Amino acid sequence: MKTILCYGDSNTWGSNPEDMTRYDIHTRWPGVMRDYLGEDYLVIEEGLSGRTTVWEDPLDEGRNGRAYLFPCLETHKPIDLVILMLGTNDLKAHFNLSAEDVASGVDILVNIIQLSQTGPAERAPRILLVAPPVVGKLSELALSFDKARKKSKMFGLFFNQVADLHGCDFLDASKLIKSSPLDGIHFDADAHRVLGKAIGEHVLQIFE
Numbered sequence: 003m004k005t006i007l008c009y010g011d012s013n014t015w016g017s018n019p020e021d022m023t024r025y026d027i028h029t030r031w032p033g034v035m036r037d038y039l040g041e042d043y044l045v046i047e048e049g050l051s052g053r054t055t056v057w058e059d060p061l062d063e064g065r066n067g068r069a070y071l072f073p074c075l076e077t078h079k080p081i082d083l084v085i086l087m088l089g090t091n092d093l094k095a096h097f098n099l100s101a102e103d104v105a106s107g108v109d110i111l112v113n114i115i116q117l118s119q120t121g122p123a124e125r126a127p128r129i130l131l132v133a134p135p136v137v138g139k140l141s142e143l144a145l146s147f148d149k150a151r152k153k154s155k156m157f158g159l160f161f162n163q164v165a166d167l168h169g170c171d172f173l174d175a176s177k178l179i180k181s182s183p184l185d186g187i188h189f190d191a192d193a194h195r196v197l198g199k200a201i202g203e204h205v206l207q208i209f210e
């Protein structure tokens, strides 16, 4: 059995943009991927709403993705593959970060994973780096992401550079799905279905 760790934010957790409840296990994308892959794969969901790459959020405690990443890897080892999809929360206006700054945070996380020895035989897990989709038109509930749309359009370019640098697999979610028009940040159920199946197909290619 292959163990896959999905490390992300509210879109990995499964926030429903209609009411901010959580989608059920078969609707959110890690669950869609689990159903697609079958019983030979253990899919571990580690999504946290508001999680950043490496930044401490003064308005939302405990969201630094770097602080929890190594303990998380140690908890679930041995891990065959880490699917990493973070970066959207880094674009909150109070951080004042560029897309390149966000990619630098992703680079730090990838480096932690590759040095962790939490894969089989104390090697590093493989990594599938997923660039989040472009931020859409913001609702009043998402105004903290002011000016994020333009920056998020650069995620695919800069995240791909990080993946190339570290020899990771890469997937650009913006080529597959769009954020919900309800808030511009979260995925609707159809987007979860499309993304989960696409990532599942990519996982099968990784383990061919």
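Residues 3 to 210, numbered by the working numbering, are exactly what the sequence shown covers, in order. By construction, the Cβ of each residue, glycine as well, lies at the ideal position given by its N, Cα and C atoms. Source: prediction; values computed, not measured.
Check, Outcome
"Contact belief for Glu76 with Asn66 at Cβ below 8 Å, rounded distance in angstroms", "So it is not a contact: roughly 17 Å between Cβ atoms."
"Ser12 beta carbon less than 8 Å from that of Gly52", "yes"
"Distance, Pro122 Cα to Arg24 Cα", "32 Å"
"Straight-line gap, Asp190 to Ser181 (C-alpha atoms, nearest Å)", "7 Å"
"Cys74 versus Ser141: straight-line alpha-carbon distance, rounded", "33 Å"
"Residues that Phe172 bridges to, as DSSP identifies them", "Leu131"
"Sequence-distant residues of the same chain with beta carbon closer than 6 Å to Glu1, five excluded per side", "This structure leaves residue 1 out entirely; the chain is present only between 3 and 210."
"Contacting residues, own chain, Cβ-Cβ under 6 Å from His235 (five flanking each side not counted)", "Here the chain comprises residues numbered 3 to 210, so residue 235 is not present and cannot be evaluated."
"Contact belief for Val108 with Leu88 at Cβ below 8 Å, rounded distance in angstroms", "7 Å"
"Beta-bridge pairing of Tyr43 - partner residues as DSSP gives them", "Lys4"
"Per-residue DSSP class, three states only, for Ile85", "strand"
"Proximity below 8 Å, CB of Val104 to CB of Val164", "no"
"Buried or exposed (CB count within 10 angstroms, at least 16 for buried), Met3", "exposed"
"Sequence-distant residues of its chain with Cβ nearer than 8 Å to Arg125 (five each side left out)", "Gln119"
"Proximity of Gly186 and Lys139 at Cβ, strictly below 8 Å", "yes"
"Beta-ladder partner(s) of Gly10, from DSSP", "Gly49, Met87"
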